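Right, one structure below, let's go through it.
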Amino acid sequence: MLAAHVSFESVGSKAVATSSSAVAWVHGDQDGNQLPLKLLTTTVESMVRVLTVPLTVDVEGGYSDDLESVAKVIDCVVRAGAVGINIEDGTGSTDLILRKVEVAKKVANKHGIDLFVNVRIDVYLRCLVEPARQLEETLSRASLFEQAGADCIFAAGMIEENDIATLYEATRLPVNLLSWNAQPNIDELTSLGVKRLSVGSSIAEFLYGANNALAKLQRSSRNRKATQRGDQVLK
1 MLAAHVSFES VGSKAVATSS SAVAWVHGDQ DGNQLPLKLL TTTVESMVRV LTVPLTVDVE
61 GGYSDDLESV AKVIDCVVRA GAVGINIEDG TGSTDLILRK VEVAKKVANK HGIDLFVNVR
121 IDVYLRCLVE PARQLEETLS RASLFEQAGA DCIFAAGMIE ENDIATLYEA TRLPVNLLSW
181 NAQPNIDELT SLGVKRLSVG SSIAEFLYGA NNALAKLQRS SRNRKATQRG DQVLK
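Using the working numbering, you'd call the opening residue of the sequence shown number 1 and step up by one each time.
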């Protein structure tokens, strides 16, 4: 996982972000606010040690709906060296995520860190409302999160050009999308105002898939030589 992030830095990435699922999987845990805080903290520390660009950390929903517990998570990742977080609203109440954003900012400020808070809106991704109301609900949440102090709006699952353009026009914050096959290409997304494109768990899934394929090749004596070059499995 560290090698993957260093690779992104080496090709010019101005910052690096974690994937909560990738971090959980590498430790043998499941995604979904289940990763022990100590493992999250040590992972952040390890990454900060080898990176020279800023690191933002996916803290899912703050790993709790208890605000004191959320504050502890933010305190730990900031102490470990993170300068930004990704936090999601999920199926919880909008009021709760607003308070989580405020808590995150307050805790980081105590450490002298102007924490970059990227709020993931799950309206499209999790189909939280009927399709006809998804854009309206996303715009409403984006406005509230902006007022609460968020620094970026992550509209995960949004793919339609008109929706993307409308969100860009409706908020003063940068727009972040989850990379999706059905979306316009990167140049078109840029022209629509998208400032950040996330890949979610896709890199981890690709690497695990390649690893499994290599393992199967290794078990076959006739293909054993193929494992001498890792790129054989990718062809």
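Note that CB positions come from ideal geometry on N, CA and C, so glycine has one too. Bear in mind the structure is a predicted one, so any value in this text is a computation, not a measurement.
- Message: P54 and F116 - do their beta-carbons sit closer together than 9 Å?
- Response: Between F116 and P54, the CB-CB gap stays under 9 Å.
- Neighbourhood of N33 by C-beta distance below 6 Å, restricted to the same chain and skipping five residues each side: Excluding the 5 residues flanking it on each side, N33 has same chain C-beta neighbours closer than 6 Å at E60, G61, Y63, in chain order.
- Message: I'd like the list of long-range same chain contacts for E188, defined as Cβ closer than 6 Å, with 5 residues on each side in sequence excluded.
- Response: Only residues of its own chain outside the window of five on either side were considered, and among them none has a CB closer than 6 Å to the CB of E188.
- Whole-angstrom distance between V101 and D65, CA atom to CA atom: For D65 and V101, the distance between alpha carbons rounds to 12 Å.
- When we look at the beta-carbon of A127 and count the other beta-carbons within 10 Å, is it buried (16 or more) or exposed? First, the residue type needs correcting, since residue 127 is Cys and not Ala in the sequence shown. Per the 10 Å Cβ criterion, exposed.
- Message: Looking at V44: is its Cβ nearer than 9 Å to the Cβ of V57?
- Response: Taking 9 Å as the Cβ cut-off, V44 and V57 qualify as a contacting pair.
- Spatial distance of S140 from V129 (CA atoms): Put simply, the backbone Cα of S140 is about 13 Å away from that of V129.
- Task: Tell me, to the nearest whole angstrom, how far the beta carbon of Y168 is from that of G193; I am working on the premise that it is less than 8 Å.
- Result: Yes, Y168 and G193 are in contact; Cβ-Cβ is about 3 Å, under 8 Å.
- Using beta-carbon positions only, say whether A80 and T42 come within less than 9 Å of one another. For A80 and T42, yes; Cβs fall inside 9 Å.
- Cα separation between T166 and L214? Near 45 Å, if we compare the C-alpha coordinates of L214 and T166.
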